[in-house]
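Peer 1: Starting off with a structure, shown below.
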């Protein structure tokens, strides 16, 4: 059974709109634990609703993406975000200035 913090994490992530991303730290803050970014990562990894919770919209604070295994293979997270119109910088990070949620 998921903790209350984990449930709040999933509620926050469900609110991130298509074409936007949020950092692990932002999600943790909005879920009520400003120092809980690592817990957000664990929650994304254990998502009870594959495809139902848009975990691919959660990125590192610098716009970096998760490792390849997180979404079933190298490049999957980027492909999902590109399908939603997320803009990337030349170095492969998400352009947080343009696509960050709740700037």
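In the UniProt record's numbering, the protein residues as written are 1 to 103. Cβ coordinates follow ideal geometry from the N, Cα and C atoms, glycine included.
1) Quick check: the stretch 2 to 13 against the stretch 25 to 39, are at least 3 beta-carbon pairs closer than 8 Å?
2) Would you mind reading off the limits of the alpha helix (DSSP H) that contains residue 87?
3) Would you check if the distance between the CB atom of residue 59 and the CB atom of residue 27 is smaller than 7 Å?
4) Of all the options 62, 54 and 89, which has the alpha carbon lying nearest to the alpha carbon of residue 76?
5) Residue 85: which of 19, 79 and 14 sits nearest, CA to CA?
6) Whose C-beta lies closer than 7 Å to the C-beta of residue 99 among residues of the same chain, with five residues either side of it excluded?
7) For residue 79 and residue 17, what's the separation of their Cα atoms in angstroms?
8) Using DSSP's beta-bridge definition, name the partner residues of residue 100.
9) Could you tell me the distance, in whole angstroms, from the CA atom of residue 97 to the CA atom of residue 48?
Peer 2: For this structure:
1) Result yes; three or more Cβ-Cβ pairs closer than 8 Å.
2) In this chain, residue 87 is not harboured by any alpha helix (DSSP H), its DSSP state being neither H nor E.
3) Going by C-beta atoms, residue 59 is not nearer than 7 Å to residue 27.
4) Nearest C-alpha to residue 76: 54.
5) Of the candidates 19, 79 and 14, the residue whose Cα lies closest to the Cα of residue 85 is 19.
6) Excluding residues within five positions, the ones whose Cβ falls inside 7 Å are 19, 20, 21, 86 and 87.
7) Between residue 79 and residue 17, the alpha-carbon positions lie close to 16 Å from each other.
8) Paired residue(s): 21.
9) The C-alpha of residue 48 is placed about 30 Å away from the C-alpha of residue 97.
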